[in-house]
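Participant: There's a structure below that I have some questions on.
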Amino acid sequence: MDVAAFRALEPLCWRAPSAHNTQPWRLRYEPGQIRVGWNPAYALPAADPTGRDLRLSLGAFVETCLIVAADADLPLEYVADHDDPWVGRFRPAPSRYPTPFRTTEVWDRRTHRGGFVGGPDSDALAAVDAVARQAGGSVRTVPHADRLGALLREADRQVYADPTVVAELRRWLRLTPAHPDYRADGLTDRCLGLSRPAANGLRAALAAYPALRRLGLPRLLAAADDPLARGGDVLVLVAPVGLDRTGQVEFGRVLLRCWLTLHAAGSAAHPLSQLVDVAATRTALGTLLDVAPDRLLHVTRVGRPTRPAPRSARRVTGSEHPSAAPM
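Position 287, counted from 1, in the sequence shown is what the UniProt record's numbering calls 287; the numbers after and before it change by one each time, with no gaps.
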């Protein structure tokens with residue numbers, strides 16, 4: 001295995017998406033293989049207590065690594081081997097990973113929280129659904145936009161009503177360029193589409209959260225933004241019945257392929273994970289789609305962007321040399 005060649009690609013691999021842009025992945029270089037896992041310091045135990053978003057992020061990272069390695073003519077394969085905090089390993093393969101995607105698409109893909117002009121066309125929807133169906137899942141468009149808006153507001157209200165979730169969110173917000181990690185990770189004001197006054201207002205509101213929570217701040221915060229008003233369609237990634245932890249990592253790979261398929265068709269994605277993070281709205285969404293709620297893996301607003309989105313920050317470290325690997 002050409003370890004030096006793969007290590008040189010790490011900054012490109014780090015372009016994988018993750019909840020709150022925490023970049024939880026971790027690589028450990030061992031003789032003949034590279035183990036893939038996560039750093040608990042970059043998980044979201046309050047917002048993601050089941051680890052669903054964590055495992056989707058890890059799967060997206062695995063797929064990103066395989067695409068980047070294939071484009072660099074490095075033949076790697078991924079072997080699942082779930083043993084917390086590790087999920088699997090890369091090892092040499094007889095040939096390059098077969099993928100239609102290139103590193104340029106990995107680099108150009110961005111989460112887009114801005115305005116969309118319409119949703120993806122029928123060909124793009126069919127293509128992304130085909131990607132999911134190859135793995136036993138599907139991609140569904142959410143009907144009844146008026147009911148979806150009410151569900152989204154309720155999900156946001158419940159998220160903002162939980163002090164532990166809000167504290168976790170504050171840890172990953174980067175609402176001013178003066179923040180020491182502004183160019184490393186987290187959710188910046190630019191990526192959230194916030195003006196300077198709006199960013200300052202959110203900082204002030206969250207700073208006063210302990211005093212204002214009981215006075216209705218969660219409801220005000222939930223009503224302050226309506227991403228559905230910025231256009232696009234809402235798509236849901238539906239998993240097969242009985243998907244386990246290893247399967248969720250695999251569907252993180254599927255999710256990344258879906259996003260790149262949409263990107264190639266000129267669309268961008270804005271995750272709305274709160275809809276499946278909150279039990280009540282997850283159940284209601286399952287009813288709208290006539291799908292068991294536990295099969296709803298990921299919710300995304302998708303459309304053709306009106307302008308380019310800012311590039312989110314990335315760290316480029318997180319791997320371990322063999323000498324530093326814990327026993």
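We put the beta carbon where it would ideally sit given N, CA and C, even for glycine.
From a predicted model like this one, the values you see are computed outputs, not experimental measurements.
(1) Helix, strand or coil for Y209, going by three-state DSSP, please let me know.
(2) N39: buried (16+ other C-beta within 10 angstroms of its C-beta) or exposed?
(3) Tell me whether the beta-carbon of H20 lies closer than 8 Å to the beta-carbon of G186.
(4) How would you write the range of the alpha helix (DSSP H) that S166 sits in, first residue to last?
(5) At what residues does the alpha helix (DSSP H) containing A222 begin and finish?
(6) Beta strand (DSSP E) containing T300: first to last residue?
(7) Suppose contacts are defined by Cβ-Cβ distances below 8 Å. Is L58 in contact with V79 by that definition?
(8) Would you give the residue range spanned by the alpha helix (DSSP H) that D108 belongs to?
(9) Take L262 as the anchor and find which of L285, P305, V241, L221 has the nearest alpha-carbon.
(10) Less than 8 Å between the CB atoms is what I'm expecting for R91 and E105, so what's the real figure, rounded?
(11) Can you list the beta strand (DSSP E) stretches of 3 or more residues lying completely in the stretch 37 to 99, in chain order?
(12) Using three-state DSSP, classify Y29 as helix, strand or coil.
(13) If you reduce the DSSP assignment to three classes, tell me which class H270 lands in.
(14) Measure the C-alpha to C-alpha separation of H112 and L220 and round it to an integer number of angstroms.
(15) How should G119 be labelled, buried or exposed, when 16 other C-beta atoms within 10 angstroms of its C-beta is the threshold for buried?
(16) What does a CB cutoff of less than 8 Å around P227 pick up in its chain, not counting 5 residues either side in sequence?
(17) For the putative contact between W25 and F61, defined by C-beta atoms under 8 Å, what is the C-beta separation to the nearest angstrom?
(18) If we ignore side chains and look at the alpha-carbon of each, how far apart do N200 and A280 end up?
(19) Report the residue from P85, Q248, R109, R282 whose alpha carbon sits nearest the alpha carbon of R28.
(20) Could you pull out every residue in the same chain whose Cβ sits closer than 7 Å to the Cβ of L148, ignoring the five residues on either side in sequence?
(21) Can you tell which of L206, I34, L256 has the C-alpha that lies nearest to the C-alpha of E168?
(22) For V128, name the three-state secondary structure that DSSP assigns.
(23) Is it buried or exposed, residue 331, if we count other Cβ atoms within 10 angstroms and call 16 or more buried?
(24) Where R133 and R214 are concerned, what is the direct C-alpha to C-alpha distance, given to the nearest angstrom?
(25) Short of 7 Å in beta carbon distance, which residues of its chain neighbour Y209, apart from the five on each side in sequence? Order them along the chain.
Facilitator: Checking against the coordinates, here is how it stands:
(1) Residue numbering aside, residue 209 sits at position 209 when the sequence shown is read from its first letter. In the structure shown, Y209 sits in a helix (DSSP, three-state: H, G or I).
(2) For the purposes of this step, residue 39 is taken as the residue at position 39 of the sequence shown. Looking at its Cβ environment, which holds fewer than 16 other Cβ atoms inside 10 Å, N39 is exposed.
(3) Locating residue 20 in the sequence shown gives position 20, where the first residue counts as 1. Locating residue 186 in the sequence shown gives position 186, where the first residue counts as 1. Taking 8 Å as the Cβ cut-off, H20 and G186 qualify as a contacting pair.
(4) By 1-based counting over the sequence shown, the position of residue 166 is 166. Checking the displayed sequence, the identity of residue 166 turns out to be Val instead of Ser. It spans 163 to 172 - the alpha helix (DSSP H) in which V166 sits, taken as one unbroken run.
(5) Position 222 of the sequence shown, counted from the first residue, corresponds to residue 222. A222 -> alpha helix (DSSP H) spans 217 to 223.
(6) Within the sequence shown, residue 300 is the residue found at index 300, counting from 1. Where T300 is concerned, the enclosing beta strand (DSSP E) stretches over 296 to 303.
(7) On the sequence shown, residue 58 is found 58 positions in, with the first residue counted as 1. On the sequence shown, residue 79 is found 79 positions in, with the first residue counted as 1. Cβ distance not < 8 Å, so L58 and V79 don't count as in contact.
(8) To locate residue 108, count along the sequence shown from 1; it is residue 108. Annotation: the continuous alpha helix (DSSP H) that includes D108 extends over 103 to 108.
(9) On the sequence shown, position 262 is the one that residue 262 refers to. Just measuring C-alpha positions, the residue of L285, P305, V241, L221 sitting nearest L262 is P305.
(10) Locating residue 91 in the sequence shown gives position 91, where the first residue counts as 1. Locating residue 105 in the sequence shown gives position 105, where the first residue counts as 1. Actually they do not touch by this definition, with Cβ atoms about 25 Å apart.
(11) As far as the stretch 37 to 99 is concerned, its whole beta strand (DSSP E) runs of at least 3 residues are 76 to 83, 86 to 92.
(12) One-based indexing of the sequence shown puts residue 29 at position 29. Look at Y29 here: in three-state DSSP terms it is strand.
(13) As a working mapping, residue 270 is identified with position 270 in the sequence shown. It is a strand residue.
(14) As a working mapping, residue 112 is identified with position 112 in the sequence shown. As a working mapping, residue 220 is identified with position 220 in the sequence shown. Between the C-alpha atoms of H112 and L220 there is a straight-line separation of about 24 Å.
(15) Your numbering for residue 119 matches position 119 in the sequence shown. Counting of Cβ neighbours within 10 angstroms places G119 among the buried residues, the total reaching 16 or more.
(16) Within the sequence shown, residue 227 is the residue found at index 227, counting from 1. So the list reads R113, L152, H270, L272, R301, once near-sequence residues are dropped.
(17) Here residue 25 corresponds to residue number 25 of the sequence shown, with the count starting at 1. Here residue 61 corresponds to residue number 61 of the sequence shown, with the count starting at 1. At roughly 4 Å, the Cβ-Cβ gap stays under 8 Å, so W25 and F61 are in contact.
(18) If you number the sequence shown from 1, residue 200 lands on position 200. If you number the sequence shown from 1, residue 280 lands on position 280. If I take the Cα positions, the gap works out to 31 Å.
(19) Residue numbering aside, residue 28 sits at position 28 when the sequence shown is read from its first letter. If we check each option's Cα against that of R28, P85 comes out closest.
(20) Here residue 148 corresponds to residue number 148 of the sequence shown, with the count starting at 1. For L148, where only same-chain residues beyond five positions count, the Cβ hits under 7 Å are V142, L228, V234.
(21) As a position in the sequence shown, residue 168 is number 168, starting the count at 1. For E168, the nearest C-alpha among the options comes from L206.
(22) Residue mapping note: residue 128 aligns to position 128 of the sequence shown, counting from 1. Looking at V128 - three-state DSSP - the assignment turns out to be helix.
(23) Lying outside 1 to 327, the shown extent of the chain, residue 331 is not represented and no answer is given.
(24) Translated into positions along the sequence shown, residue 133 becomes position 133. Translated into positions along the sequence shown, residue 214 becomes position 214. Cα-Cα distance, rounded: 45 Å.
(25) On the sequence shown, residue 209 is found 209 positions in, with the first residue counted as 1. Hits under 7 Å: V166, L217.
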